[in-house]
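Some notes on the structure that comes next.
In the numbering used here, the protein residues as written are 91 to 203.
Printed below as a string of structure tokens:
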């Protein structure tokens, strides 16, 4: 994986394609620092820390706008000082390249650092 995955755009997944294998998914992790493979390689998740609730809420709003722009929507949990983002492609019940594209783009958000 030599190309920058954050420069790609998510493409609609209509199903009918197999999810990434655990090895394939692990190969994308080098471009998505801070994210962890979960559920036997079927999901990725990252927890972000903030100074207060307002910063966590602002981050969630940024992620929501990005998700709408990309047409790929994560699950998000948040509260005072944290936000947790989980990605997987529901139609294929596992990971797709789109999940890693979103993770890389989320990592680039100003409030993600």
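Built from N, CA and C at the ideal position, the CB exists for glycine as well. Treat the numbers as computed from the prediction; the structure is a model and nothing was measured.
- Within the model, the alpha-carbon separation for residue 148 versus residue 154 is close to 10 Å.
- By the criterion of a C-beta distance shorter than 7 Å, residue 198 is surrounded in its chain by 96, once the five residues flanking it on both sides are discounted.
- Note: residue 173 is bridge-paired with 138 and 168 in the DSSP secondary-structure output.
- In this structure, residue 179 sits near residue 189, with a CB-CB distance shorter than 8 Å.
- Per DSSP, the beta bridge partners of residue 179 are 184.
- Assigned with DSSP and collapsed to three states, residue 121 falls in helix.
- Look at residue 198 here: in three-state DSSP terms it is coil, with no helix or strand label.
- Partner residues in the beta bridge of residue 126, as assigned by DSSP, are 135.
- The alpha-carbon separation between residue 143 and residue 168 amounts to approximately 9 Å.
- The continuous stretches of alpha helix (DSSP H) do not include residue 107, and DSSP gives it neither H nor E.
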